[in-house]
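Residue numbers (the working numbering), protein chains in the order written: chain S, 1 to 113; chain Z, 114 to 226. Even glycine gets a Cβ: it sits at the ideal position worked out from N, Cα and C. These figures come from a predicted structure and were not determined experimentally.
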DNA sequence: CCTTAACATTGACGGTTGTCGATATAAGAG
DNA sequence: CTCTTATATCGACAACCGTCAATGTTAAGG
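Structure below.
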């Protein structure tokens with residue numbers, strides 16, 4: 001599944017309940033929401049935000065999540081592809097950070113007020 | 114999958130990135146998001162909001178969605194179970210309405226500001 | 001009653017998803 | 001160069017999901 005970065009999704013249109021959403025935009029927004037709609041990925045976002053310097057490597061997440069390293073890397077890739085996280089490699093470690101405004105963008109599409 | 118109504122999910126905790134989310138809350142929030150993470154269901158929400166009196170019956174949705182009647186009923190049930198829509202039957206028709214504040218509740222959990 | 005209309009439910013099918021073990025890649029240490 | 005460590009990728013498998021055709025349910029009209 002090819003994912004549109006969140007900023008592209010949110011740039012397109014107004015809130016879901018304020019104007020009728022097009023078929024294409026519905027597909028894109030659904031993809032962005034699907035990337036969030038998993039317990040492990042929500043916890044990853046929360047843990048990255050809570051970690052010092054607001055970034056974390058795979059090794060910081062594996063044990064508290066109770067998941068294998070390949071599984072954590074898999075979830076991180078989905079979040080990066082969707083535009084919620086960035087990845088920067090330093091040495092053998094890969095550090096993940098929140099993309100500022102990404103969550104707010106999708107939240108703004110859901111709000112009715 | 115048994116679903117917690119959105120209001121119960123949003124009553125539990127603060128924004129995802131402001132405080133670490135618990136495993137249980139992550140499961141519940143993921144379920145609420147999963148109910149939204151489908152193009153047909155996003156369009157249903159948008160179409161119900163846009164319809165006159167902000168309510169619509171199954172027959173209003175089937176043709177514009179391009180889906181069969183059982184499929185539309187299936188999606189509506191998921192949205193009702195998740196707490197986004199209410200169902201009221203009048204005669205042979207079933208009318209669906211948005212639950213006020215439901216979308217805002219889940220949006221508030223995603224926002225970072 | 002009987003028919004018709006609107007909707008819900010069931011059962012089935014192909015496609016997707018989350019998880020893991022095994023393996024590949026990349027970079028620092030010695 | 002070799003070994004170790006951190007991470008990514010691959011292949012497989014069970015579970016889940018969206019869709020439809022067929023059938024069940026409920027209510028209005030004759």
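Among the options, which residue has its Cα nearest to the Cα of residue i?
i, options, result
"residue 186 (chain Z)", "Z:203, Z:207, Z:167 and Z:196", "Z:207"
"residue 126 (chain S)", "S:22, S:12 and S:35", "Because chain S is modelled from 1 through 113, residue 126 (chain S) falls outside the range shown and cannot be assessed."
"residue 151 (chain Z)", "S:75, S:24 and S:12", "S:24"
"residue 209 (chain Z)", "Z:173, Z:181 and Z:225", "Z:173"
"residue 118 (chain Z)", "Z:190, Z:223, Z:226 and Z:225", "Z:190"
"residue 225 (chain Z)", "S:45, S:12 and S:11", "S:45"
In angstroms with no decimal places, state the Cα-to-Cα distance between residue i and residue j.
i, j, result
"residue 193 (chain Z)", "residue 90 (chain S)", "47 Å"
"residue 62 (chain S)", "residue 41 (chain S)", "12 Å"
"residue 102 (chain S)", "residue 14 (chain S)", "15 Å"
"residue 212 (chain Z)", "residue 53 (chain S)", "39 Å"
"residue 48 (chain S)", "residue 130 (chain Z)", "8 Å"
"residue 65 (chain S)", "residue 57 (chain S)", "13 Å"
"residue 145 (chain Z)", "residue 196 (chain Z)", "8 Å"
"residue 70 (chain S)", "residue 188 (chain Z)", "33 Å"
"residue 125 (chain Z)", "residue 11 (chain S)", "31 Å"
Which residues in chain S sit within 9 Å of residue i, going by Cβ to Cβ distance?
i, result
"residue 143 (chain Z)", "36, 37, 38, 39, 40, 41 and 42"
Below 8 Å on C-beta distance, what does residue i contact in chain S?
i, result
"residue 136 (chain Z)", "39 and 43"
"residue 198 (chain Z)", "Those within 8 Å of residue 198 (chain Z) in chain S number zero; the least Cβ separation is about 12 Å."
Can you list the residues of chain S that residue i reaches, using a CB-CB cut of under 7 Å?
i, result
"residue 224 (chain Z)", "103, 104 and 107"
"residue 159 (chain Z)", "16, 17, 20 and 21"
Would the beta-carbon of residue i fall within 9 Å of that of residue j?
i, j, result
"residue 21 (chain S)", "residue 156 (chain Z)", "yes"
"residue 105 (chain S)", "residue 27 (chain S)", "no"
"residue 19 (chain S)", "residue 163 (chain Z)", "yes"
"residue 223 (chain Z)", "residue 110 (chain S)", "yes"
Just to make sure I have the definition right: I need the residues of chain Z whose C-beta is within less than 7 Å of the C-beta of residue i. Which are they?
i, result
"residue 27 (chain S)", "152"
"residue 76 (chain S)", "Per Cβ cutoff of 7 Å: no residues; residue 76 (chain S) is ~16 Å from chain Z at best."
"residue 50 (chain S)", "133"
Return the Cβ separation of residue i and residue j in integer angstroms, given the expectation that the two are a contact with Cβ distance under 8 Å.
i, j, result
"residue 220 (chain Z)", "residue 30 (chain S)", "Actually they are not in contact, since the Cβ atoms of residue 220 (chain Z) and residue 30 (chain S) sit about 16 Å apart, beyond 8 Å."
Using a C-beta to C-beta distance shorter than 9 Å, which residues of chain Z count as neighbours of residue i?
i, result
"residue 98 (chain S)", "130 and 225"
"residue 33 (chain S)", "146, 147, 149, 150, 151 and 155"
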